[in-house]
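Residue numbering for the sequence shown is 69 to 133, as defined by our numbering. Idealized CB from N, CA, C, for every residue including glycine. Below: one structure, written as structure tokens.
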Amino acid sequence: MTKVSADRELCIQAGNCVMVAGDVFDQDDDGIVEILHDDVTGEEAERAAEAVKLCPASALSLEDR
């Protein structure tokens, strides 16, 4: 299992996370990242890892549990 974290203060509202992992991430009314599930496995974890790579603000992180 992998824990997903986001630093909302670093988020620049690019939306890359939602485009690649919309089942894990969303954006609030201001475009700031929101985490839908903070524990992911399997394909969700793979998509979350891709979102971490694509985040231009480095606002996302993963931690294996």
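- Alpha-carbon spacing of residue 85 relative to residue 104, whole angstroms: 12 Å
- Item | Per DSSP, the bridge partner or partners of residue 77 | Note: residue 77 sits in no beta bridge, so no partner.
- So residue 120 is in the alpha helix (DSSP H); what residue range does that whole segment cover? 110 to 122
- Message: Going by DSSP in three states, residue 42 sits in which element: helix, strand or coil?
- Response: Residue 42 cannot be examined here, being either before or after the span of the chain that is shown, 69 to 133.
- Looking at C-alpha atoms only, which residue of 130, 70 and 81 is the closest neighbour of residue 98? 81
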